[in-house]
Every structure is written in structure tokens, then in C-alpha cells.
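Have a look at the structure below, then the notes.
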Ligand code: HEC
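Numbering (this note's numbering), first residue to last: 149 to 285.
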């Protein structure tokens, strides 16, 4: 009797296994979830996505040294020549604990001057040939 029951149970399991693969076999379809974009070095349309810096020689040196204490925006909103960038760096070293940049300073300043030079026309051109009129007193 025991043997018979065992036989029935075993064979029905076998039957089930063969004709109901969904239960026993792991052949469900899985949805592919795309990997989250978490790339600190991603460059899109010539812009370093994480910081907004223009891609160029020295970019990562700038990213690694100039975004630790403040946002890249504070760098981006400035346009300076070599002397002014150097003196800004000197000022941060004197007053804000910026470390000695060593050889990186030249790389950083070269990058900044090539990509963020002073705008040649900061203000509108002076008006010429204007016919002024007298204001009534
Ligand atoms: C050790 C911290 C630190 C690092 C690193 C640092 N800065 Fe600064 N920086 C400061 C602080 C603090 C200020 C002042 C922020 C404020 O006024 O809110 C500042 C201000 C500035 C300003 C604005 C200056 C002004 O006159 O308004 C610029 C531009 C700047 N940083 C550029 C850079 C560049 C380029 C680098 C990379 C070489 C850099 N910073 C790295 C601390 C740092």
C-alpha cells in the first residue's frame, strides 16, 4: 500500500513536471532593466555632464581640483585671463585652504583660458553719431 502511494505520488509529480513546465522550470520572461546611468565621466555634446565643463585638454584635472569645495558653476560663471585665474587660485590658497596645485596649476589655467577666456565685448559698443536733444528745464 505504501509502495503504491509512493508510486502514484512520484508518477503524478513526473506527469506534472513534463506537462507543466511553467511551474517547475524557470522559464519566465524577465524584463530587462537598463543599468542606471551613473557615469561621472560622461561627455555629451562636448559637455562633461556632471559638472557642465566643456570637454577639453585638462578637463579632469579641473574637475578633480576645482569642484571639491564649491560647485563648478562658481568657476563657470567667471571668464578671466591667465593672470586673473592665477590670482584667483592664489587668493583661494591664501584664504580658503586651497592646496598647492603643483604642475596641475598650469594645466588648469591653460584649460580655463582656452575654454573660458574673457569676453572681448563685455558691454555694448559705445554709441556714436547720436543727436542729443536738450531736456526742457
Ligand atoms: C579648498 C577649497 C577650494 C577649492 C579646492 C577650490 N576653491 Fe574656488 N573658492 C573656494 C571658496 C571658499 C570660494 C568662495 C566661495 C564663495 O564666495 O561663496 C571660492 C571661489 C572661487 C571663485 C569665485 C571667485 C570670486 O572672485 O568670486 C572662482 C572663480 C573659483 N573659486 C575657482 C576655482 C578653481 C578654478 C578651482 C580649481 C583650481 C577652485 N576654485 C578650487 C574654495 C575652493
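Ideal Cβ positions, reconstructed from N, Cα and C, are used throughout, including at glycine.
- Nearest to residue 197 by CA position, among 204, 206, 187, is which residue? Counting from one through the chain shown, the residue named residue 197 turns up at place 49. It is 187 whose Cα lies nearest to the Cα of residue 197.
- Any idea what DSSP makes of residue 238, helix, strand or coil? Counted from its first residue, the chain shown places residue 238 at position 90. Residue 238 falls in the helix class under three-state DSSP.
- Sheet register partners of residue 195 (DSSP bridge): By 1-based counting over the chain shown, the position of residue 195 is 47. DSSP lists 192, 202 as partners of residue 195.
- Just reading off the alpha helix (DSSP H) that residue 207 is part of, what are its end residues? Taking the first residue of the chain shown as 1, we reach residue 207 at position 59. Residue 207 -> alpha helix (DSSP H) spans 207-214.
- Going by the beta-carbon positions, is the gap between residue 227 and residue 281 smaller than 8 Å? Position 79 of the chain shown, counted from the first residue, corresponds to residue 227. Position 133 of the chain shown, counted from the first residue, corresponds to residue 281. The Cβ atoms of residue 227 and residue 281 lie no closer than 8 Å to each other.
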